[in-house]
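Heads up, the sequence shown is in the working numbering, so the first residue is 4 and it goes up one at a time.
In this text, a Cβ means the ideal position worked out from N, Cα and C, and glycines have one as well.
Scroll down for the structure; my scribbles are underneath it.
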Amino acid sequence: MRERAQRDYGGISAADRRAERRARLLSAGRQAWGESGTAGVTVRGVCALAGLTDRYFYEHFANREALILAVSDEVRDQLLAAMVAAGQVAPGDATVKLQAGLQAFLDAVAGDPHLVRIATSDTGNIPELVKRRRQMLDMIAELVIANAPDAFGADLDPDQLRRAALFAVGGVNQLIEGWLDGSVAMTTAELAAECAQFCMSVLRRRRHTPSGN
Numbered sequence: 004m005r006e007r008a009q010r011d012y013g014g015i016s017a018a019d020r021r022a023e024r025r026a027r028l029l030s031a032g033r034q035a036w037g038e039s040g041t042a043g044v045t046v047r048g049v050c051a052l053a054g055l056t057d058r059y060f061y062e063h064f065a066n067r068e069a070l071i072l073a074v075s076d077e078v079r080d081q082l083l084a085a086m087v088a089a090g091q092v093a094p095g096d097a098t099v100k101l102q103a104g105l106q107a108f109l110d111a112v113a114g115d116p117h118l119v120r121i122a123t124s125d126t127g128n129i130p131e132l133v134k135r136r137r138q139m140l141d142m143i144a145e146l147v148i149a150n151a152p153d154a155f156g157a158d159l160d161p162d163q164l165r166r167a168a169l170f171a172v173g174g175v176n177q178l179i180e181g182w183l184d185g186s187v188a189m190t191t192a193e194l195a196a197e198c199a200q201f202c203m204s205v206l207r208r209r210r211h212t213p214s215g216n
């Protein structure tokens, strides 16, 4: 009977309670980061927002940086999932699908002020966070590469294609950063269309450039 009580409380299993506490801590971490930047993410502050003691914090995260990285991963997965889902259902060619995916990405950011702060926060004091952001660009480049054969055929040189995709995504990232800081004044639809055209133009040019040139 005692063992069952440890497993279940109010009809909720111990595993479910742990998962619920972790979700509350992640939500609180996202709120703190979104409102005050990474400096605002503290163990005490996050626990207060989540309504939990630090005992439960350390049950899931070694320190504040571990929580910040977990929030970063959650945001990354959310944005990439929105991007992939929109691209998959969009009717049309690779350019249309890429545009739809990018607009879903931008709309998700624009619709949540916390995501804007998370996307633009200084990462200098957390080296692993810098790495996470580079990885996200690599993931977006992989989405571009995955759709390239539909647009240009399967005869693209894989190495050239990857370099071109990384170059294009780097440029797209600069445009998005300008949009986030207000120096690029465009709607999400306008920016998505321009970024998609830019990516496909770069890939199209590489298709007609002989290897080694």
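With respect to LEU105, ALA195 sits close: the two C-beta atoms are nearer than 9 Å. Here DSSP, grouped into helix, strand and coil, assigns ILE129 to coil.
Ranked by how close their Cα comes to the Cα of ILE129, the residues ARG67, ARG207, ARG20 and ARG47 have ARG67 in first place. The distance from the Cβ of LEU101 to that of ALA199 is about 4 Å, consistent with a contact at the 8 Å cut-off. DSSP places SER16 in the strand class (E or B) of the three-state scheme. Nearest to SER124 by C-alpha distance, out of ARG24, GLY43 and ALA18, is GLY43.
Using a Cβ-Cβ distance cut-off of 8 Å, the region 31-40 and the region 111-120 are in contact, since at least three pairs of beta carbons, one from each stretch, lie closer than that value.
The distance from the Cβ of ALA171 to that of VAL147 is about 7 Å, consistent with a contact at the 8 Å cut-off. Closest in C-alpha terms to GLN34, from the list ARG21, GLY48 and VAL187, comes GLY48. Judged by DSSP in its simplified three-state form, ASN66 adopts coil rather than helix or strand. Contact check for VAL92 against ALA85 fails: the beta carbons are separated by 9 Å or more.
DSSP places GLY181 inside the alpha helix (DSSP H), whose first and last residues are 161-184.
The beta carbon of ILE71 lies closer than 8 Å to those of GLY32, TRP36, THR41, VAL44, ILE129 and LEU132 in the same chain, with the five residues before and after it left out. About 7 Å separates the CB atoms of ALA97 and MET203; that is less than 8 Å, so the two are in contact. With contacts defined as CB atoms closer than 9 Å, ARG24 and HIS63 qualify as a contacting pair. Looking at the backbone, the Cα of VAL205 and that of GLN163 are separated by about 11 Å. DSSP places SER124 in the coil class of the three-state scheme, outside both helix and strand. Counting along the chain, the unbroken alpha helix (DSSP H) around GLY104 starts and ends at 97-113.
For LEU28, the secondary structure class from DSSP, reduced to helix, strand or coil, is helix.
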